[in-house]
Amino acid sequence: MNAGANQEAQAPGPLRLILTLAIAGLISGIAIIAIYESTLPTITANKARELREAVFKVLPGVSRMQQLVFRNGELIAAELMQKGEQAVYGGYDQQGEFVGYAIPGAGPGFQDTIGLLYGYTPEQQQVVGMEVLESRETPGLGDKIYKDEEFVGSFSALSIVPEIIAVKKGDKSQPNEIDAITGATISSKAVVRIINETHVEWSERLPPPGSEPPLVESDSPGAGN
Amino acid sequence: MKKNDNQAYDEFIKGIWRDNPVFVQVLGMCPMLAVTNSAINALAMGMATFFVLVGSSFLVSSFRQWIPKQVRISCFIIIIATFVTVADYTLLALVPKVHKELGAFIPLIVANCMILGRQEAFASRYPARLAVFDAMGMAGGFLLALFSLGAIREILGDGALFGVNLFGENFEPWIIMILPPGGFLTLGVILLFFNWFKFKKDEFLAEVAEAERSGR
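Just so you know, the protein sequences line up as chains A and B, in that order. Those letters in the first sequence? Residues 0 to 224, by numbering that gives the first Met the number 0. Those letters in the second sequence? Residues 0 to 215, by numbering that gives the first Met the number 0.
As structure tokens, then:
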């Protein structure tokens, strides 16, 4: 009892320690919530703008887009995704005619997951554009998959039947072949593999050409752009 | 007042040069080697660290009487982590591209031993004004070190600075410099230079002392 009292005199009681930490934690929590709430609108807007720009980039000639969710075995226009569902983006021209899909895909790259978006026109069965959304590829080497304009530009009118094949630079002879980047073979092959795998996954879910879901005016986040 | 000003200046300058956190104390090596593959990344990392260190030094020093020493480390970490979160969200909102490149290294500022070290060694013992000068000096030294490493590596490894091409088409980039080994090489060469300089300076001072003694 006495020893306890002695120690009490030397050191602040446990209540004081708990209180200090609790107050520090509380203030810190409030500060974090404040900064989170104040930056959230900008961050969400940035992400939405990035996605919309990417969709317009991978689907040339598109001026409107809407999100298409694969639900109960069919592709329908919906703004919100439920848990476990996957979505693609439908691109439409000025008259509201369907042009193509922008399909997101992801897979392992050289260092970390590569996330990308590619444009696909079902009628011609062609990949018409590709945009890397996220990657941690080596700066100066692997990052050429989005910095090398020649490589990015070669994803236009690229046949995906039966699949895209990456060949050594200059060896391209078939409509489904693409020149890999010298010095970034693994990263460029990873991009091709991601597109091929995503295509296999989606090709049976997409409706036959000509019966794509029509543009729903109120549901299109890109309308009036 | 005059003496105070001198002391503040001294606390500031020691972090920039004499006790530079990177080149002399060799602290904060993880971000130093990881995010200096381009000048802009190094600069953003340096500025985020600057903000965190100055902010937390100020708070720790202001509240140093109220923080019981048994829980001081936890309190320091709470303060540092709050500033890091603020820096993280601010970068994400303002410069999403840079934030993407820095990735996990922004949250990892919490674990930068230089920051916790300054709280324990300086901010928790000195008044707020000196603590802020000390933090600005240390963070400034860290920023300069990061930037010089990032600039050297980007110029040699990519032939560019801030993404602007410097040498034209015929420059063959020295790619190893922007890969991880380049960080070690560049840091090693800079440390070599720093130590050589210090060695020369000591030698010179010794020579002067010797000459004075024999002249008498």
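Where is the CB? At the ideal position from N, CA and C, for every residue including glycine. Remember, predicted model here, so these are calculated numbers, not experimental data.
Between the C-alpha atoms of residue i and residue j, what's the straight-line distance to the nearest angstrom?
i: residue 63/B; j: residue 38/B; result: 36 Å
i: residue 139/B; j: residue 193/B; result: 17 Å
i: residue 152/B; j: residue 76/A; result: 48 Å
i: residue 19/A; j: residue 111/A; result: 41 Å
i: residue 223/A; j: residue 63/A; result: Residue confidence for residue 223/A is low, a pLDDT of 40 falling below 50, so the modelled location carries little weight; the figure read from the coordinates is stated next. Those two C-alpha atoms are separated by around 8 Å.
i: residue 179/A; j: residue 42/A; result: 34 Å
i: residue 45/A; j: residue 103/B; result: 20 Å
i: residue 107/B; j: residue 21/B; result: 17 Å
i: residue 38/A; j: residue 40/B; result: 21 Å
i: residue 47/A; j: residue 23/A; result: 35 Å
i: residue 94/B; j: residue 211/B; result: 58 Å
i: residue 180/B; j: residue 24/B; result: 21 Å
Less than 7 Å between CB atoms is the rule here; does residue i satisfy it with respect to chain B?
i: residue 185/A; result: no
i: residue 42/A; result: yes
i: residue 2/A; result: For residue 2/A, the predicted structure reports a pLDDT of 44, less than 50, and the residue's modelled location is therefore unreliable. The matter cannot be settled from this model.
i: residue 30/A; result: yes
i: residue 112/A; result: no
i: residue 181/A; result: no
i: residue 144/A; result: no
i: residue 206/A; result: no
i: residue 27/A; result: yes
So is residue i buried or exposed if we call it buried at 16+ other beta carbons inside 10 Å?
i: residue 201/B; result: exposed
i: residue 44/B; result: buried
i: residue 111/B; result: buried
i: residue 120/A; result: buried
i: residue 10/A; result: exposed
i: residue 162/B; result: exposed
i: residue 117/B; result: buried
i: residue 79/A; result: exposed
i: residue 181/A; result: exposed
Could you tell me whether any Cβ in chain A is nearer than 7 Å to the Cβ of residue i?
i: residue 216/B; result: The requested residue 216/B does not occur in the structure, where chain B is confined to residues 0 to 215.
i: residue 210/B; result: no
i: residue 48/B; result: no
i: residue 64/B; result: no
i: residue 69/B; result: yes
i: residue 77/B; result: yes
i: residue 122/B; result: no
i: residue 179/B; result: no
Check the DSSP bridge columns for residue i and list the partner residues they point to.
i: residue 120/A; result: 125/A
i: residue 171/B; result: None, per the DSSP bridge assignment.
i: residue 159/B; result: 164/B
i: residue 91/A; result: 63/A, 97/A
i: residue 112/A; result: 107/A
i: residue 157/A; result: 126/A
i: residue 70/A; result: 73/A
i: residue 133/A; result: 114/A
i: residue 165/A; result: 177/A
i: residue 102/A; result: 117/A
i: residue 86/A; result: 68/A
Since residue i contacts residue j with CB under 8 Å, what's their CB separation in whole angstroms?
i: residue 7/B; j: residue 146/B; result: So it is not a contact: roughly 24 Å between Cβ atoms.
i: residue 101/A; j: residue 131/A; result: No, residue 101/A and residue 131/A are not in contact; Cβ-Cβ is about 13 Å, not under 8 Å.
i: residue 128/A; j: residue 59/A; result: 7 Å
i: residue 136/A; j: residue 144/A; result: 6 Å
i: residue 67/B; j: residue 16/A; result: 6 Å
What does residue i reach in chain D if we use C-beta pairs closer than 8 Å?
i: residue 38/A; result: Judged by its chain identifiers, the structure shown contains no chain D, and its protein chains are A and B.
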